[in-house]
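Per the numbering used here, the sequence shown starts with residue 359, numbered consecutively.
Glycine included, C-beta positions come from ideal geometry on N, C-alpha and C.
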Amino acid sequence: MLCAISGEVPQDPVVSTKSGNVFSRALIESHISTQGTDPITSEP
Numbered sequence: 359m360l361c362a363i364s365g366e367v368p369q370d371p372v373v374s375t376k377s378g379n380v381f382s383r384a385l386i387e388s389h390i391s392t393q394g395t396d397p398i399t400s401e402p
């Protein structure tokens, strides 16, 4: 299981309900707060 953003084993893993991908919680929260979208699907 690898984070879809970092490509590393995720710290505090979460799964996107939009794309089904796994992310490190801190990375996905940061991405969503700055970009407002899922990094894989680009959906809000």
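Worksheet item: According to DSSP, what are the bridge partners of proline 371?
Response: Ser382
Worksheet item: Hey, how far is the Cα of glutamate 387 from the Cα of glutamate 366?
Response: 16 Å
Worksheet item: According to DSSP, is glutamate 366 helix, strand or coil?
Response: coil
Item to complete: Pick helix, strand or coil for threonine 399, following the three-state DSSP scheme.
Response: coil
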